[in-house]
Amino acid sequence: MRQACASILATAALVTALGSGTAEAAVLDVTVRGSDAIFLAGRTDITIPLASAPWSSPTGMQRHGGATPEEIQETFPPYLGVAAGDVIRLADPSIGGISYFNGVGAPFYGPEGNNADCAGSSCSDLSSFGGISGYFGPEGALVGVFLDNSIPSAGAPARLDFSTTGLGRNFTTLSPGLGQIFYIGNGVTTSSIFQEFIAPSGATRLFLGIPDGFGFDGVPGAYDDNDGAYRVRIGVNEVPTVPEPGVLALLGLGLVGLAAARLRTPQGSKVPG
């Protein structure tokens, strides 16, 4: 209940801060938790089952068959209002850490995800869910999706390819379509250039969340043993300050500290059971 209330309050704060999505500039601090399922973006038609209950088949997400140490519910991802043509950039490189296996210490992943320069089978390979595209890219990374005001319940668009043989993660500008999950990571290139994400025609909302599944492949799910969060300072039509190299190094230390503080109970896995 506390987690659900926190999600509602966070979403309300974001929407209030940016209103209906004008071209005005704004900067917001957002926490994206390991339970914030990007595939549930805009799904006001869905009731998330209790953590101890399964999703309905075949239209639901996957969960572990037995009790997990965390036994948490998926949560609707936070969003902010945007308008077509808005330029989204991170105001600072994102930080934080999420354990996708509910263990203490490693493995935990930062916003860039595991296997950040992935190719082929080393990439996360997740199918679409309702009207939200699938995802192909680094495992467990910070991602986003633009939506209009409708419920994305059917007709998913083609997914984008963020492997090293596709778009990769070192692009400077990206113009995803409505419903297409896109990689954000830490929001900067390897040359410390802040990346730009352009809101498509019809966009009114930008959701931030996590792509997950068993082994990071197949049907979306397996959020019930995640722990931790990414912290994002996101700007709409704002020009960020170029980060100093030393700042990026310190962010790595901050990631470790945040992850260590958030990780709690050992055990858990990313395999069905």
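Residues -25 to -1, 1 to 248 (mature numbering (1 follows the signal peptide of the UniProt record, and there is no 0)) make up the sequence shown, in order. The C-beta atom is built at its ideal place from N, Cα and C for all residues, glycine as well. Note that the structure is a prediction, hence the values are computed from the model and not measured.
Is the shortest distance between the beta-carbon of residue i and the beta-carbons of chain C less than 7 Å?
i          : result
residue 29 : This model lacks chain C altogether, as it is built from one protein chain only.
Put residue i into one of helix, strand or coil per three-state DSSP.
i           : result
residue 13  : helix
residue 75  : coil
residue 97  : helix
residue 192 : strand
residue 61  : coil
residue 199 : helix
residue 144 : coil
residue 207 : strand
residue 159 : coil
residue 180 : strand
residue 118 : strand
residue 131 : coil
residue 67  : strand
residue 153 : coil
residue 126 : coil
residue 37  : strand
residue 171 : strand
residue 90  : coil
Applying the criterion that 16 or more other CB atoms from any shown protein chain within 10 Å of the CB defines a buried residue, is residue i buried or exposed?
i           : result
residue 207 : buried
residue 95  : exposed
residue 50  : buried
residue 33  : exposed
residue 53  : buried
residue 29  : exposed
residue 129 : exposed
residue 4   : exposed
residue 105 : buried
When the Cα atoms are used, what is the spatial distance from residue i to residue j?
i           : j           : result
residue 40  : residue 141 : 35 Å
residue 42  : residue 27  : 7 Å
residue 56  : residue 213 : 15 Å
residue 86  : residue 161 : 5 Å
residue 83  : residue 148 : 28 Å
residue 67  : residue 89  : 21 Å
residue 153 : residue 132 : 8 Å
residue 175 : residue 151 : 7 Å
residue 156 : residue -1  : 23 Å
residue 184 : residue 98  : 18 Å
Just grab the DSSP bridge partners of residue i for me.
i           : result
residue 49  : Beta-bridge pairing links residue 49 to no other residue.
residue 111 : 100, 136
residue 4   : 208
residue 56  : 180
residue 185 : 12
Inset, instruction - Determine contact between the stretch 107 to 125 and the stretch 176 to 183, defined as no fewer than three beta-carbon pairs at a distance below 8 Å. - result: yes
Legend entry - At least three beta-carbon pairs within less than 8 Å, the stretch 189 to 197 to the stretch 156 to 171: no
Inset, instruction - Tell me, please, whether the stretch 195 to 204 touches the stretch 5 to 16 by the rule of three or more beta-carbon pairs shorter than 8 Å. - result: yes
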